[in-house]
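In what follows, a single structure is set out as structure tokens and then discussed.
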Amino acid sequence: MALRVFGLNIVKNNRNLLQNACKSSAPVPCYMAAAPFATDVTVQAAPAAVQKQRVSKAMRAYLKRATEHDEFMKTQHLEFQIGKRHLANMMGADAETFTQEDIDEAISYLFPSGLYDQKARPAMKSPEVVFPARKAAEFDETGRPFHSMFYTGKPNFFQLLHDIVEETNKLADLEERMLRRGNKPDENQKLEIAGFQLLPKDQLELLLVESIADIEYSNFSNSMDRLIASPYAYKSKAFIERYLKPLMDQSKQLEVPKPRIDEEGRQYITTYECLRKTARADVTVRLPGTGKISINGKDISYFEDENCKEQLLFPLQFSELLGKVDVEANVEGGGPSGQAGAIRWGIAMSLRSFVDQEMIESMRLAGLLTRDYRRRERKKFGQEGARRKYTWKKR
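First residue of the sequence shown: 11, per the working numbering; consecutive thereafter.
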């Protein structure tokens, strides 16, 4: 009987201790107190295990593709840097200051191509230019988005609008502070946007990697106009210039001169300073004509080499004006190849005045309107020629 009473007292005491532990202010939940076998390690590991189980297969595949794309871009960027360094060494230039324009000039010099289509010619561009931009992973493994505006559907666009408003508010606060002090904006630092315009919708979509509606682009345009209209807009010059583009394209078409009328009533155009290597020529083209070609008072037999004759006739054949115009050329200096190249460039530049804009663009793509600045490369010290090395003998 005494043993039974003693056992009941132990059970009551344990029950009271358990209830007090549940009522205490400690952050330990009741179910943990009721399960003394659950250690801290087990409790801390349980939520992570639950989170890993919640990752869907689709999300796991998306994250895998995004990681593979990032690794691929890193590899391509590294190969581009190595290729640029090799190209700079071949041209004897500094690889650190070797720009994309230098790369294009080096490739056109080392790998000259006569292909008409620009896309078919050899080129080396940055991986960001070759491969289209794509969005990175926008959420982690638990499904939580990284961007605060993810659920808008267009986080980059609305983030841009938010940044524009922030810049506008900063300039408004600055203007208010200056007015209180009695200061006026500096007219010498006024932001000049003459000759520039906002990025068009298609280019803005490429920049944001998102498609936007017409009304959304209108909101962007109105917000930027409000920002630019601020008298202190020059304080946000770097931000504004990111979304501007020049009105005149850098690859704009050269102004085509209008032909003159000679004493016989024929149209003619003269191109001066036609250069190729050390040769210099002046070329006059007359329309209509009979196909007569005069070079220093002689006919096309002035050149004995067939390649030089073909160079002269190629612009006329390409523009379909062979036998319809007369050509007069005065050339001096250089050899046959240089003189033929100078006259060919002069003929092509003169023919622009007698053809339509579509033919001019075709001639430009064919390379007829591009001046050839190539020259004979000098012999290098310790070498047999410009590139050729002496034969290496082991013994």
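Every residue gets a Cβ at the ideal spot worked out from N, C-alpha and C, and that includes glycine.
Paired residues, beta bridge with residue i - DSSP
{"i": "residue 336", "result": "296"}
{"i": "residue 308", "result": "305"}
{"i": "residue 270", "result": "278"}
{"i": "residue 215", "result": "Note: residue 215 sits in no beta bridge, so no partner."}
{"i": "residue 289", "result": "286"}
{"i": "residue 342", "result": "290"}
Through-space distance from residue j to residue i, alpha-carbon basis
{"i": "residue 130", "j": "residue 121", "result": "12 Å"}
{"i": "residue 387", "j": "residue 396", "result": "6 Å"}
{"i": "residue 283", "j": "residue 321", "result": "18 Å"}
{"i": "residue 215", "j": "residue 163", "result": "14 Å"}
{"i": "residue 93", "j": "residue 81", "result": "19 Å"}
{"i": "residue 253", "j": "residue 275", "result": "52 Å"}
{"i": "residue 88", "j": "residue 139", "result": "15 Å"}
{"i": "residue 288", "j": "residue 385", "result": "9 Å"}
{"i": "residue 299", "j": "residue 333", "result": "7 Å"}
{"i": "residue 390", "j": "residue 99", "result": "15 Å"}
{"i": "residue 208", "j": "residue 224", "result": "14 Å"}
{"i": "residue 232", "j": "residue 132", "result": "42 Å"}
{"i": "residue 398", "j": "residue 317", "result": "26 Å"}
{"i": "residue 136", "j": "residue 109", "result": "11 Å"}
{"i": "residue 157", "j": "residue 217", "result": "17 Å"}
{"i": "residue 347", "j": "residue 228", "result": "57 Å"}
{"i": "residue 74", "j": "residue 114", "result": "35 Å"}
{"i": "residue 194", "j": "residue 244", "result": "14 Å"}
{"i": "residue 370", "j": "residue 105", "result": "37 Å"}
Beta-carbon gap between residue i and residue j smaller than 8 Å
{"i": "residue 373", "j": "residue 329", "result": "yes"}
{"i": "residue 324", "j": "residue 255", "result": "no"}
{"i": "residue 279", "j": "residue 295", "result": "yes"}
{"i": "residue 240", "j": "residue 185", "result": "yes"}
{"i": "residue 9", "j": "residue 341", "result": "This structure leaves residue 9 out entirely; the chain is present only between 11 and 405."}
{"i": "residue 339", "j": "residue 266", "result": "no"}
{"i": "residue 201", "j": "residue 238", "result": "yes"}
{"i": "residue 363", "j": "residue 337", "result": "no"}
{"i": "residue 171", "j": "residue 249", "result": "no"}
{"i": "residue 119", "j": "residue 181", "result": "no"}
Local Cβ density within 10 Å of residue i, reported as buried at 16 or more and exposed below that
{"i": "residue 91", "result": "exposed"}
{"i": "residue 291", "result": "buried"}
{"i": "residue 155", "result": "exposed"}
{"i": "residue 221", "result": "exposed"}
{"i": "residue 246", "result": "buried"}
{"i": "residue 355", "result": "buried"}
{"i": "residue 326", "result": "buried"}
{"i": "residue 392", "result": "exposed"}
{"i": "residue 402", "result": "exposed"}
{"i": "residue 85", "result": "exposed"}
{"i": "residue 313", "result": "buried"}
{"i": "residue 35", "result": "Note that residue 35 has pLDDT 45, beneath the 50 cutoff, so the model's placement of it is unreliable and the number below is only indicative. It is exposed - the Cβ of residue 35 has fewer than 16 other Cβ atoms within 10 Å."}
{"i": "residue 63", "result": "With a pLDDT of 48 at residue 63, under the threshold of 50, the modelled position of this residue cannot be trusted; read the value that follows with caution. Residue 63 comes out exposed."}
Endpoints, beta strand (DSSP E) assigned at residue i
{"i": "residue 278", "result": "277-286"}
{"i": "residue 241", "result": "No beta strand (DSSP E) holds residue 241; DSSP gives it neither H nor E."}
{"i": "residue 160", "result": "Residue 160 -> no beta strand (DSSP E), and no H or E assigned at all."}
{"i": "residue 256", "result": "254-256"}
{"i": "residue 393", "result": "That residue, residue 393, is in no beta strand (DSSP E); it is neither H nor E in DSSP."}
Residue i: first and last residue of the uninterrupted alpha helix (DSSP H) it sits in
{"i": "residue 249", "result": "247-251"}
{"i": "residue 349", "result": "346-361"}
{"i": "residue 328", "result": "316-328"}
{"i": "residue 208", "result": "Note, residue 208: premise wrong, no alpha helix (DSSP H); beta strand (DSSP E) at 206-208."}
{"i": "residue 137", "result": "137-140"}
{"i": "residue 373", "result": "367-375"}
{"i": "residue 116", "result": "110-120"}
Near the ligand MN: residue i beta-carbon under 7 Å from a heavy atom
{"i": "residue 347", "result": "As far as ligands go, the structure on display features none, and thus does not contain the ligand MN."}
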